Each structure stands twice: as C-alpha cells, then as structure tokens.
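Notes follow the structure.
Protein chains in written order, with the numbering used here: chain Y, 30 to 314; chain A, 30 to 314.
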C-alpha cells in the first residue's frame, strides 16, 4: 500500500515559479482555481476538495502556486489568521478519509505551505518583515534581503526487531491501547541510520544495528518528512524514557497482524494514513 | 565505505539538555571542553580537532552542548560574528581531510548548529529576539514565547540508470570536467521517491521509476540531510534545465570506475566526502 499523503498527480510546474511573466499569466488566467479551506481544514464536497475561482480569492491575499492540473493553475491563499476549524490528528482523519489519495496528498502539500508562510512572516536573521516570492515557494526579507525557503523536518520512525518480535511504544497522552513505532527528529550532524540508533537508545535503551530503509511519507502537521526503517535489536532489556513514553512492549507478529486487521487484541494499530501503518504492514507481511 | 560526516562517536546526552541542573553542572565541570573555531573552520593540531578549556570560552558566549566524550562535556560557542576564515566546499575539504572520520562528523554537527543559531537570532513568527534553551538545542522567543528547533533540509541525490549507463550532471560554475549525481531539496508534500522523480524530470526531462534508497549523510554547508537513491530511467532523451545545469551525460560503468579511481577520462568524480561518491561507488560495484 502507498503511504498516506503521497500520490499527488499535480504538476508542480517549478519553472513557472521563477518566471515572473508566466506567474502573472497564471494568476490572471480565468481558469485558475484557489483551494477552499476552513481554518486549515479542507472543504470537501461529494468526496472531493472544493476550489473557488481565483476571482473569489481575497483581493490582497498572497497566493502559493501549487501547480497545474490539466494545464490549469491551482493556488492556495495564505490567510492572515485562519478562520474556522483547524484540525490536527486524529480529528482531521475523518475528513481526510473522504478524499481520494491524490487529493489528500495535494491538500497535505497546500496545508504545509500555508502553515510555513503563517509562521515565517519575519526574518529569523534580522527580525524584519518578509514577503513571498517565487510564486510562494520562498520568502524574502524586506530589511536584510535574506531569502528563506519552506521548511521540512526529517523524522525517523522505526521498528526494532528481536527474535521475531517488534518494539512498539505508547506516547504520553495517546488513546488507551494505541501503540506505534518509535520516532524522532533527525538532528544536525546525523545520517538516517545514526538517528534511528540514537532515538531507539534514548527512548528505549535498546541498541540496534542493520538499519534498513523501507518507505517515506510527507506529514503535514506541520511539515515533516517521515522516514520509515527497520533494524535489529541487540537485546530485549528496556530502559524507557518516561518523559516521552507511557509504555514499551515487544509485540509478536501475530499480535501485529491482528491489530492491523482491527481485531481486538493486545493493542490498537496506528491509522492507515500514518506511515507506521505502512511499516507494520511491511514487517508483518 | 561509510559516507562522509557520519560516524561521530560522541554521546549526545539528550537527557541533559532538558535537565537545567545537569546542564549547569556540565557547564561548571572543570573538565569541560569548548571546540576551537577559526570563523566556522576547524582548528586542527596534529590531525585532531583542537579544544579549549571552558574557562577560556568568551565569558558571555552562548554554548551548545555537543555531548559527552569519555564522560566529559564538550561544547561549541555561538560567536556573535565569526572571526577568521569560513570555508565552503571545495576549499574546506583540504582541512577536513586531515581529520579522522569521527572528528569530521563531530565538526560537521558543531558547524551546522553554530550556523543555525547565527541565522535564528529572531523569531520568524513575530520578529522578536530569541534566546537559546535546552542546552543550545532550541531557541525561544522572548516576545511571543514560540520555540524553534535546529533546521535540517532533506535533499535527494540520485542516479538514474538506463541500459547500463548512468545520468550525471555538471552544475553551473563547477570546475571543468566535474560531474556528479543530480540533487534537489525535498519539498513539502513529497515523499523521497516523489522528490527523486520530480527533480530528475525538472532538471533532465527523464522520467524514472523503481526508486531505491542507498545511503544518507548529513552535510553541514549549512545543514542538509543528503538522501542517496538509484532509479531506472524510461528513456535517454534529455531536456536539460539550463538555469541549473551546464551539461548532462550518460556515463558508462567503466567511465565511472575510471573516474572513481582518479584516472584521466571523460569526467572527474565528486570528492570522497560527498555522498555522490558513495553512491557512484555503490552503483559501479
């Protein structure tokens, strides 16, 4: 199964972004569309994202060029303050489940861009006001001229295997019974493999080797790149980081299979949109 | 071969970062060491990084806790303005070649952290002044309280194969004869696999499938996570993006092997510290 939030079919039309004339033509195109949002949530009609005419966008709104669909420019507007609801997982999953995979992925890209713009109205170098450029794919400081680009944080998420069982954790405040793969941000100065080993050691006390990449997924809350791996644990002894986790378990393959099928059992699996689900399915298969 | 800038053996001691008492004890430890820098370049003595006593650090300097080596706290200071030279590739490679792999990796982490701090003295949300917290692993806004964490940009770097040959490019302004794998930033809303396909299509006009992860590397100029992949091209026709590239070639395996050996031939291979070198070695082997 393809990971959630992947599979967008839009043409990002990168060459338009740095071509002011082409960009102006796209914005003036009567066929251009703007994504409708309620806060940061999608507006869904008959199982599809709803788009407005560009003529209906707020007159002074900054626009991000998402790309071309059937040759037609598609944008998202950057709100001053989001109006309406702004769901986060798990609340938003009910909404997203109504969408086909490619539209969920497109919504994820749009949401990540909007949140980035909203949190980068100032220059981290000098504090001056920034303005979008490159069709919304960057912001430039009006004081010092520094250019800033959308931020994506790489996160490793991993299954350590020992003697046929797999290490799962339950985060603080998670719903009762929910377990998933451990995860953490890749830090400056680390490879993916090193981040996997450090995070597992910090959170569980388990030392691992033989890290293998499985799959990746963009995660738009607000903008991570989830990098899913498996690895082999040197032992089963656990030393849990109680500031991050409520519990750690070694689960059997049968327990994982039951959870993925939604059967009552030792734990509840992560939702299908999450790459932890993809990763567990890969491991259990 | 292990990719460059990996293999640091320091214990990052993550639990100390959020423990103010432990952090104060580390800063007051008479055995604590501070990395010496000339600008952002390392200071190297007898093939090793040079460290000063913490007592010699500038009195008001903010410090980043790099971690523990043999139980001793090791820091890097955040300069107001870097004094001295600040090399970028390829100039800095001569210096780094003097260091053992683990010290090169540690220097890379320190440099990435210092550059991040220097470019994030202000809050991108409100423009207010920020101050380090968590032992230098974050900055908090003194005006709005927003917390900010070190930034690492995921970049894909990839070899497309067709009929036994591999696609290489030469960037604008590169030294004569130098060719390497194509690369580009992962954008919000993309998986690694999708970024590989989009970048290759944009830069070369080549459509690819069957993307496979090979290896990863942190790259501290200023702070990328390089994600190296191979993939299969659907054809050999090229449509080069001349705003990014000076040339594109299909190279044979023998040509790649000769270049990796440093033999005179069709092109000069990327330097050993670059993951493009690791990737070409993997592919040619």
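The beta-carbon is built from N, C-alpha and C at its ideal position, and this holds for glycine as well. None of the values given here were measured: they were computed from a predicted structure.
Worksheet entry | Assigned secondary structure, residue 89 (chain Y) (DSSP; H/G/I helix, E/B strand, else coil) | As a first step, residue 89 (chain Y) is located in the first chain; it is residue number 60 there, counting from the start. Coil at residue 89 (chain Y), not helix or strand.
Item to complete: Flag this pair as yes or no: are the beta carbons of residue 198 (chain A) and residue 109 (chain A) separated by less than 8 Å?
Response: The residue you call residue 198 (chain A) lines up with position 169 of the second chain. The residue you call residue 109 (chain A) lines up with position 80 of the second chain. Not in contact: residue 198 (chain A) and residue 109 (chain A) (Cβ atoms no closer than 8 Å).
Fill in: CB contact flag (residue 46 (chain Y), residue 94 (chain Y), <8 Å)
Within the first chain, numbered from 1, the residue matching residue 46 (chain Y) stands at position 17. Within the first chain, numbered from 1, the residue matching residue 94 (chain Y) stands at position 65. Yes, the pair counts as a contact, with Cβ atoms nearer than the cut-off.
Discussion item. Suppose you measure from the CA of residue 239 (chain A) to the CA of residue 189 (chain A); what does that come to, to the nearest Å?
Written reply: Reading the second chain from its first residue, position 210 is the one you call residue 239 (chain A). Reading the second chain from its first residue, position 160 is the one you call residue 189 (chain A). Rounded to the nearest angstrom, the gap between the Cα atoms of residue 239 (chain A) and residue 189 (chain A) is 10 Å.
Practice prompt. List the residues of chain A whose Cβ lies closer than 7 Å to the Cβ of residue 134 (chain Y), in chain order.
Written response: Start at 1 with the first residue of the first chain, and residue 134 (chain Y) comes out as number 105. In chain order: 218.
Discussion item. Bridge partners for residue 292 (chain Y) per DSSP, in chain order?
Written reply: Your numbering for residue 292 (chain Y) matches position 263 in the first chain. DSSP, once it has assigned bridges, lists no residue as partnering residue 292 (chain Y).
Worksheet item: Would you say residue 237 (chain Y) faces chain A, with C-beta separation under 8 Å as the test?
Response: Position 208 of the first chain, counting from 1, holds the residue named residue 237 (chain Y). With 8 Å as the cut-off, residue 237 (chain Y) does not count as an interface residue toward chain A.
Worksheet item: Do residue 235 (chain Y) and residue 274 (chain Y) have their C-beta atoms within less than 8 Å of each other?
Response: Walking along the first chain from the start, residue 235 (chain Y) turns up at place 206. Walking along the first chain from the start, residue 274 (chain Y) turns up at place 245. Against a cut-off of 8 Å, the Cβ pair of residue 274 (chain Y) and residue 235 (chain Y) comes out as no contact.
Discussion item. Check whether chain A comes within 8 Å of residue 145 (chain Y), counting only Cβ atoms and requiring the distance to be less than that.
Written reply: Within the first chain, numbered from 1, the residue matching residue 145 (chain Y) stands at position 116. Yes, because at least one Cβ of chain A sits closer than 8 Å to the Cβ of residue 145 (chain Y).
Item to complete: May I ask you to report which of helix, strand or coil DSSP gives residue 242 (chain Y)?
Response: As a working note, residue 242 (chain Y) is residue 213 in the first chain. When secondary structure is reduced to three states using DSSP, residue 242 (chain Y) falls in the strand class.
Worksheet entry | Beta bridge counterpart(s) of residue 63 (chain A) as assigned by DSSP | Translated into positions along the second chain, residue 63 (chain A) becomes position 34. Beta-bridge pairing links residue 63 (chain A) to A:81, A:104.
Practice prompt. Please report how far the alpha carbon of residue 206 (chain A) lies from the alpha carbon of residue 288 (chain A), in whole angstroms.
Written response: Counted from its first residue, the second chain places residue 206 (chain A) at position 177. Counted from its first residue, the second chain places residue 288 (chain A) at position 259. Looking at the backbone, the Cα of residue 206 (chain A) and that of residue 288 (chain A) are separated by about 10 Å.
Discussion item. Please state whether the Cβ-Cβ distance between residue 151 (chain A) and residue 153 (chain Y) is less than 8 Å.
Written reply: By 1-based counting over the second chain, the position of residue 151 (chain A) is 122. By 1-based counting over the first chain, the position of residue 153 (chain Y) is 124. It is a contact, given that the beta carbons lie within the stated cut-off.
Worksheet item: Would you say residue 121 (chain Y) reaches chain A, if we count a Cβ-Cβ gap shorter than 8 Å as a contact?
Response: What you label residue 121 (chain Y) is simply residue 92 of the first chain in a count that begins at 1. No, its Cβ sits nowhere closer than 8 Å to a Cβ of chain A.
Worksheet item: How big is the Cα-Cα spacing for residue 270 (chain Y) and residue 48 (chain Y)?
Response: Within the first chain, the letter at position 241 stands for residue 270 (chain Y). Within the first chain, the letter at position 19 stands for residue 48 (chain Y). The alpha-carbon atoms of residue 270 (chain Y) and residue 48 (chain Y) are separated by roughly 50 Å.
Worksheet item: In chain A, which residues lie with their C-beta within 8 Å of the C-beta of residue 138 (chain Y)?
Response: Numbered from 1 along the first chain, position 109 holds the residue referred to as residue 138 (chain Y). What residue 138 (chain Y) touches in chain A: 216, 217, 218, 219.
Discussion item. In the DSSP assignment, the beta strand (DSSP E) including residue 162 (chain Y) goes from what residue to what residue?
Written reply: Within the first chain, the letter at position 133 stands for residue 162 (chain Y). Taken as a continuous stretch (DSSP letters only), the beta strand (DSSP E) holding residue 162 (chain Y) covers 159 to 162.
Item to complete: Using alpha carbons as the reference points, say which of A:307, A:191, A:237, A:155 lies closest to residue 278 (chain A).
Response: Position 249 of the second chain holds residue 278 (chain A). With distances taken between Cα atoms, residue 278 (chain A) lies closest to A:191.
Worksheet item: Which full runs of the beta strand (DSSP E) of 3+ residues lie inside the stretch 147 to 188 of chain Y, going along the chain?
Response: Segments of the beta strand (DSSP E) lying fully in the stretch 147 to 188 of chain Y: 159 to 162, 167 to 170.
Discussion item. With H, G and I counted as helix, E and B as strand and the rest as coil, what does DSSP make of residue 57 (chain Y)?
Written reply: Here residue 57 (chain Y) is taken as the residue at index 28 of the first chain, counted from 1. Under the three-state reduction of DSSP output, residue 57 (chain Y) falls in the helix class.
Item to complete: Taking C-beta pairs closer than 7 Å, name the residues in chain A that residue 142 (chain Y) reaches, listed in chain order.
Response: Sequence index remark: in the first chain, residue 142 (chain Y) carries index 113 (1-based). Result: 217.
Worksheet item: Mapping DSSP to helix, strand and coil, what is residue 145 (chain A)?
Response: Numbered from its first residue, the second chain carries residue 145 (chain A) at position 116. DSSP places residue 145 (chain A) in the helix class (H, G or I) of the three-state scheme.
Practice prompt. Check the Cβ-Cβ distances between residue 77 (chain A) and every residue of chain C, and say whether any is below 8 Å.
Written response: The chain labelled as chain C is not found among the protein chains of the depicted structure, namely Y and A.
Discussion item. If we define contact as Cβ-Cβ less than 8 Å, is residue 70 (chain A) a contact residue for chain Y?
Written reply: Your numbering for residue 70 (chain A) matches position 41 in the second chain. Output row for residue 70 (chain A): interface = no.
Discussion item. So with CB distances below 7 Å, who are the chain Y contacts of residue 43 (chain A)?
Written reply: For this step, residue 43 (chain A) is matched to residue 14 along the second chain. Correct list: 231.
Discussion item. Let's see if you can read the secondary structure: which residues bound the alpha helix (DSSP H) around residue 193 (chain Y)?
Written reply: Taking the first chain and counting its residues from 1, the one referred to as residue 193 (chain Y) is at position 164. Careful: residue 193 (chain Y) lies outside any alpha helix (DSSP H) and carries neither H nor E.
Worksheet item: Under three-state DSSP, which class holds residue 237 (chain Y)?
Response: In the first chain, counting from the first residue as 1, residue 237 (chain Y) sits at position 208. Residue 237 (chain Y): strand per DSSP, three-state reduction.
Practice prompt. For the stretch 239 to 251 of chain Y, enumerate the residues whose C-beta is nearer than 8 Å to any C-beta of chain A, in chain order.
Written response: Taking 8 Å as the Cβ-Cβ cut-off against chain A, the residues of the stretch 239 to 251 of chain Y that qualify are 242, 244, 245, 246, 247, 249.
Practice prompt. Determine the DSSP secondary structure at residue 125 (chain Y), reduced to helix, strand or coil.
Written response: One-based indexing of the first chain puts residue 125 (chain Y) at position 96. When DSSP states are grouped into helix, strand and coil, residue 125 (chain Y) belongs to the helix group.
Practice prompt. Taking 8 Å as the threshold, find out whether the stretch 171 to 185 of chain A comes into contact with the stretch 217 to 234 of chain A through three or more Cβ pairs.
Written response: A contact is defined here as three or more CB-CB pairs under 8 Å, and the stretch 171 to 185 of chain A meets this definition with respect to the stretch 217 to 234 of chain A.
Discussion item. Give me, in chain order, the residues of the same chain whose beta-carbon lies closer than 6 Å to that of residue 32 (chain Y); leave out the 5 immediate sequence neighbours on both sides.
Written reply: Along the first chain, one-based indexing puts residue 32 (chain Y) at 3. Its chain contains 244, 246, 304, 307 as the residues whose beta carbon lies nearer than 6 Å to that of residue 32 (chain Y), once the 5 sequence neighbours on both sides are disregarded; these appear in chain order.
Worksheet item: Name the DSSP beta bridge partners of residue 332 (chain A), please?
Response: Only positions 30 to 314 of chain A appear in the structure, and residue 332 (chain A) is not among them; the question remains open.
Worksheet entry | chain A within 8 Å of residue 74 (chain Y), Cβ atoms only | Working through the first chain from its first residue, we reach residue 74 (chain Y) at position 45. Output row for residue 74 (chain Y): interface = no.
Fill in: At least 3 beta-carbon pairs within less than 8 Å: the stretch 114 to 121 of chain Y vs the stretch 77 to 91 of chain Y
No: fewer than three Cβ pairs fall under 8 Å.
Fill in: C-beta neighbour in chain A for residue 194 (chain Y), strict 8 Å
The count along the first chain starts at 1 and reaches residue 194 (chain Y) at position 165. It does not: the Cβ of residue 194 (chain Y) has no partner Cβ on chain A nearer than 8 Å.
Worksheet entry | Within chain Y, partners of residue 149 (chain A) - CB distance below 7 Å | Your numbering for residue 149 (chain A) matches position 120 in the second chain. Contact of residue 149 (chain A) with chain Y by beta-carbon distance below 7 Å involves 153.
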